[in-house]
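> Protein chains in written order, with the numbering used here: chain A, 1 to 238; chain B, 1001 to 1301.
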Amino acid sequence: MISAWFPANVSTYGGQIDHVINLIFVIVAIRFVLAQGAIIYFAIRYRRKPGSKAYYVHGEGLRQAAWILVPALLVLVCDLAIDAAGGRAWETVKGSLPPPSMAVQVTGKQFAWLFTYPGADGRFDTGKTLTEDTLYVPVGQVVHIVLQSDDVIHDFFVPELRLKQDVVPGRKITAWFEVTKPGTYEIACSQLCGPAHFGMKARLVAESPADYEKWLKSERTAAEKKTARVATANPVNG
Amino acid sequence: MEAQALPKIVTVEESHGGAGFLRDYVFSTDHKVIAKQYLAVGLLMSLIGGFMAYLIRVELAWPGKPLLGWGFIPPASYLALVTMHGTIMVFFVAMPILLGAFGNFLIPLMIGAKDMAFPRLNMLSIWTLVVASTLLIVSLLVPDGAASAGWTGYPPLSAVPAYTGNYWGINLWLLALALEFSSFLMGGINFLTTAINLRAPGMTLWRMPLLVWLEITASAIFLLSVGPLVAGSVMLLLDRIVGTSFYNPAHGGDPLLWQHLFWFFGHPEVYVIALPAIAIMMEILPVFARKPIFGYRTIVY
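#1: Determine, for A/R229, whether the minimum Cβ-Cβ distance to residues of chain B falls below 9 Å.
#2: Mind pulling the chain A residues with CB within less than 8 Å of B/F1072?
#3: Identify the contact partners of B/D1254 in chain A, using a Cβ-Cβ distance below 8 Å as the criterion.
#4: For B/L1179, decide whether its Cβ has a neighbour in chain A, counting only Cβ atoms nearer than 9 Å.
#5: Residues of chain B with CB closer than 8 Å to the CB of A/P99, please, in chain order.
#6: Using the beta-carbon of each residue, which ones in chain A are nearer than 8 Å to B/R1199?
#7: Suppose the cutoff is 6 Å on Cβ atoms and the five residues either side in sequence are ignored; what does the same chain contact list for A/P169 look like?
#8: For B/L1285, which residues from the same chain have a beta carbon less than 6 Å from its beta carbon, with the 5 sequence-adjacent residues on both sides left out?
#9: In this structure, does DSSP put B/Q1259 in helix, strand or coil?
#10: Under a three-way DSSP split, which group does A/I68 fall into?
#11: Would you identify the three-state DSSP class for A/D155, choosing helix, strand or coil?
#12: Across which residues does DSSP place A/L130 in a beta bridge pair?
#13: From the beta carbon of B/T1164, is the nearest beta carbon of chain A less than 9 Å away?
#14: Check the Cβ of A/G59 against every Cβ in chain B and list those closer than 9 Å, keeping chain order.
#15: Assess contact between the region 1100 to 1113 of chain B and the region 1062 to 1076 of chain B, defined as three or more Cβ pairs (one per stretch) separated by less than 8 Å. Is contact present?
#16: Alpha carbon to alpha carbon, how far is A/R203 from B/M1186? Give it in angstroms, no decimals.
#17: Output needed for B/I1056: all residues of its chain with C-beta closer than 8 Å, excluding positions within five of it in sequence on either side, in chain order.
#18: Between the Cα of B/R1120 and the Cα atoms of B/G1165, B/V1033, B/W1168, which residue gives the shortest distance?
#19: My assumption, with CB atoms under 8 Å, is that A/T104 sits in contact with A/Y117. Please give the rounded CB distance.
#20: Report yes or no: do the region 1127 to 1144 of chain B and the region 1155 to 1172 of chain B share at least 3 C-beta pairs separated by less than 8 Å?
#21: Short of 8 Å in beta carbon distance, which residues of its chain neighbour B/L1192, apart from the five on each side in sequence? Order them along the chain.
#22: Starting from A/H144, trace the beta strand (DSSP E) both ways and give me its first and last residue.
#23: Should A/I2 go down as buried or exposed, given a rule of 16 or more other Cβ atoms within 10 Å for buried?
#24: Please list, in chain order, all residues of the same chain as A/A223 whose beta carbon is under 7 Å from its beta carbon, the five residues on each side excluded.
#25: Can a CB atom of chain D be found closer than 9 Å to the CB of A/V152?
#26: In the region 63 to 79 of chain A, which residues sit with their C-beta less than 8 Å from some C-beta in chain B, listed in chain order?
#27: Nearest-angstrom Cα distance between A/G238 and A/K226?
#28: Would you identify the three-state DSSP class for A/G238, choosing helix, strand or coil?
#29: Determine whether the beta carbon atoms of B/V1093 and B/M1045 lie at a separation below 9 Å.
#30: With 8 Å as the limit, tell me which residues of the region 181 to 201 of chain A have their beta carbon closer than that to any beta carbon of chain B; keep them in chain order.
#31: Comparing the C-beta of B/L1079 with each C-beta of chain A, is any distance below 9 Å?
#32: Span of the alpha helix (DSSP H) holding B/F1184?
#33: Counting only Cβ pairs nearer than 8 Å, list the residues of chain B close to A/Y56.
#34: Find the residues of chain A that neighbour B/G1150, judging by a C-beta separation of less than 8 Å, and give them in chain order.
#35: For the beta strand (DSSP E) that B/G1227 lies in, which residues bound it at each end?
#36: According to DSSP, is A/R220 part of a helix, a strand, or is it coil?
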């Protein structure tokens, strides 16, 4: 199918999305071959030849209009099939929020992505958060990302995850995904956000849960050391 | 049977009594002259829009290199190119040619009317389009750069000048669009009134040529859908110039409001453009197949 040409799917719901695209492709391909084939066949078969007489079919009345209405009905049936598959994919990706193993706040701004991890207490509001420029996640676990923008509309897009979500200022939008294969994947901004929109990229690094925990611990320790260093270098009453 | 004498073909100048360039052309209310004026605007703008397409494609093919006939394209200029190319092609090429030119020229001829229902409104509508086009071209030359927020102009990128760096570029873009919308609102009223009221005796609606049907359907769709965008554009202009917050979430506005207002028009707009093109196809094909179109009534429905 056409999804064979897509970037590798490493998301649990990616298959559903690819299925919708493949379905549309197959339906359209068949209709295309039939329609163009018919046009070409009729254009040649009934071309103007000496001795051939044109036959006028008016097309009025239900019996003749059926030639238009029945294909139109078939289009409608195909549409409904696509709607059903699409609806299922939508329900999974946007309509449901499976319970997460972890949550990250993702901030889009002109022109960078920032990823804020909760403090060791699991909360975002106690000032012990970690801000990174790379999104680290464990493989095989549901991740929630809470998307917000500081300025204009951005779009968080990871092709391999089949995830694309507009990031709208004034809103906090929660998306979810579960990575199936470790690796590094590109995060691209997909909504025009100004002159440096093209360069607004980041990386998603998916690691085994053990590696992820190791990374998280080392980042937290480094952050604590840095805070301690800063505190001794700038004593409050100095 | 005696051959009828053919009607005498007169030039525009002769039909106006040779009154001079201004009278014959600028102040003409003749639907054929106005149709050709719409065509001229569309073709002229297509040269500009087409050149922009060349710049975009060559830049993508060989990024960072100077282009033949232009030079280097910095990122902000590239975005302005993409924005203006889209705006020009949709609003200043496709609509003037498909609706303005073909509609104005053919509708009176096809229904047996002498001219449009409101010839002077017709003249005003093409003047408005010329002013709109001029404003859009001027917006390419302003110091802060042409509009670069995309042809869909989503805020807050388009609502806060600091985010794009464009000030007059986007303001003039909005004004040009508002004027273009009013031009086609006037034209749409004209088309509908003409087709409903000025048909020759004996021509029922079901005997009208398909092109007339599709042009007035396109006009009706446009009339019904453009209002919210005109309002939305005024709101965006106010956000930029006066400091209102229709779309600025920092002060209680919602960026999604523009998206809704824009696309409420945006989807019907593609049918406004498609129907006249389909109509032209459905008029020409029967001529060369030498038989009437199949299923005229079904098509109209």
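Note that CB positions come from ideal geometry on N, CA and C, so glycine has one too. All figures in this text were calculated on a predicted structure; none of them were measured in a lab.
On the basis of the data shown:
#1: Walking along the first sequence from the start, residue 229 of chain A turns up at place 229. By this cut-off, A/R229 is not an interface position.
#2: Position 72 of the second sequence, counted from the start, is the residue given in the question as residue 1072 of chain B. Those within 8 Å of B/F1072 in chain A number zero; the least Cβ separation is about 14 Å.
#3: Working through the second sequence from its first residue, we reach residue 1254 of chain B at position 254. Those are G170, listed as they occur along chain A.
#4: By one-based count along the second sequence, residue 1179 of chain B stands at place 179. For B/L1179, not one C-beta of chain A is nearer than 9 Å to its own C-beta.
#5: For the purposes of this step, residue 99 of chain A is taken as the residue at position 99 of the first sequence. Close partners of A/P99 in chain B (Cβ separation under 8 Å) are lacking, with about 28 Å as the shortest Cβ gap.
#6: The residue you call residue 1199 of chain B lines up with position 199 of the second sequence. Ordered by position in chain A, no residue passes the 8 Å Cβ test against B/R1199, which lies about 21 Å from the chain.
#7: Locating residue 169 of chain A in the first sequence gives position 169, counting from the first residue. Excluding sequence neighbours, A/P169 sits near S149.
#8: As a working mapping, residue 1285 of chain B is identified with position 285 in the second sequence. So the list is empty, once near-sequence residues are dropped.
#9: Taking the second sequence and counting its residues from 1, one reaches residue 1259 of chain B at position 259. Helix at B/Q1259.
#10: The residue you call residue 68 of chain A lines up with position 68 of the first sequence. Helix, per DSSP.
#11: Reading the first sequence from its first residue, position 155 is the one you call residue 155 of chain A. Correct three-state label for A/D155: strand.
#12: What you label residue 130 of chain A is simply residue 130 of the first sequence in a count that begins at 1. DSSP, once it has assigned bridges, lists A/Y117 as partnering A/L130.
#13: Position 164 of the second sequence, counted from the start, is the residue given in the question as residue 1164 of chain B. B/T1164 counts as touching chain A.
#14: Sequence index remark: in the first sequence, residue 59 of chain A carries index 59 (1-based). Residues of chain B with a Cβ closer than 9 Å to the Cβ of A/G59 are, in chain order, P1292, I1293, F1294, G1295, Y1296, R1297, T1298, I1299.
#15: Cβ pair count under 8 Å is below three, so no.
#16: Position 186 of the second sequence, counted from the start, is the residue given in the question as residue 1186 of chain B. Position 203 of the first sequence, counted from the start, is the residue given in the question as residue 203 of chain A. Their backbone Cα atoms lie some 52 Å apart in a straight line.
#17: In the second sequence, residue 1056 of chain B corresponds to position 56, counting from 1. The residues Y1078, L1081, V1082, H1085, in chain order, have a CB closer than 8 Å to that of B/I1056 in the same chain once the five nearest residues on each side in sequence are set aside.
#18: Here residue 1120 of chain B refers to the residue found at position 120 of the second sequence. Taking only the C-alpha atoms, the option nearest B/R1120 is B/V1033.
#19: For the purposes of this step, residue 104 of chain A is taken as the residue at position 104 of the first sequence. For the purposes of this step, residue 117 of chain A is taken as the residue at position 117 of the first sequence. In the sequence as presented, Thr is not what sits at residue 104 of chain A; that position holds Val. A Cβ-Cβ separation of about 6 Å places A/V104 in contact with A/Y117 under the 8 Å criterion.
#20: Verdict: yes, contact present.
#21: Position 192 of the second sequence, counted from the start, is the residue given in the question as residue 1192 of chain B. So the list reads I1216, S1219, A1220, L1223, once near-sequence residues are dropped.
#22: Locating residue 144 of chain A in the first sequence gives position 144, counting from the first residue. Boundaries of the beta strand (DSSP E) around A/H144: 142 to 149.
#23: Sequence index remark: in the first sequence, residue 2 of chain A carries index 2 (1-based). With fewer than 16 Cβ atoms within 10 Å of its Cβ, A/I2 is classed as exposed.
#24: Looking up residue 223 of chain A in the first sequence gives position 223. Counting only residues of its own chain and dropping the five nearest sequence neighbours on each side, A/A223 has a CB closer than 7 Å to the CB of L130.
#25: Considering every chain present, this structure includes no chain D. Its protein chains are A and B.
#26: If you check each beta-carbon in the region 63 to 79 of chain A against every beta-carbon of chain B, the ones closer than 8 Å belong to Q64, A65, W67, I68, L69.
#27: The count along the first sequence starts at 1 and reaches residue 238 of chain A at position 238. The count along the first sequence starts at 1 and reaches residue 226 of chain A at position 226. Because A/G238 sits at a pLDDT of 47, beneath the cut-off of 50, its placement in the model cannot be relied upon, and the point is left open.
#28: In the first sequence, counting from the first residue as 1, residue 238 of chain A sits at position 238. With a pLDDT of 47 at A/G238, under the threshold of 50, the modelled position of this residue cannot be trusted; read the value that follows with caution. Under the three-state reduction of DSSP output, A/G238 falls in the coil class, being neither helix nor strand.
#29: For this step, residue 1093 of chain B is matched to residue 93 along the second sequence. For this step, residue 1045 of chain B is matched to residue 45 along the second sequence. Yes, these two residues count as a Cβ contact at 9 Å.
#30: Those residues of the region 181 to 201 of chain A placed with their C-beta closer than 8 Å to a C-beta in chain B are Q191, L192, C193, G194, P195, A196, H197, F198, ordered along the chain.
#31: Taking the second sequence and counting its residues from 1, the one referred to as residue 1079 of chain B is at position 79. B/L1079 has a beta carbon lying within less than 9 Å of a beta carbon in chain A.
#32: Translated into positions along the second sequence, residue 1184 of chain B becomes position 184. First-last of the alpha helix (DSSP H) with B/F1184: 1168 to 1197.
#33: Here residue 56 of chain A corresponds to residue number 56 of the first sequence, with the count starting at 1. Near A/Y56 (Cβ distances below 8 Å), the residues of chain B are K1291, P1292.
#34: Taking the second sequence and counting its residues from 1, one reaches residue 1150 of chain B at position 150. Those within 8 Å of B/G1150 in chain A are L192.
#35: In the second sequence, counting from the first residue as 1, residue 1227 of chain B sits at position 227. Run containing B/G1227: none in the beta strand (DSSP E); it sits in the alpha helix (DSSP H), 1210 to 1241.
#36: Translated into positions along the first sequence, residue 220 of chain A becomes position 220. The three-state reading of DSSP puts A/R220 in helix, counting H, G and I together.
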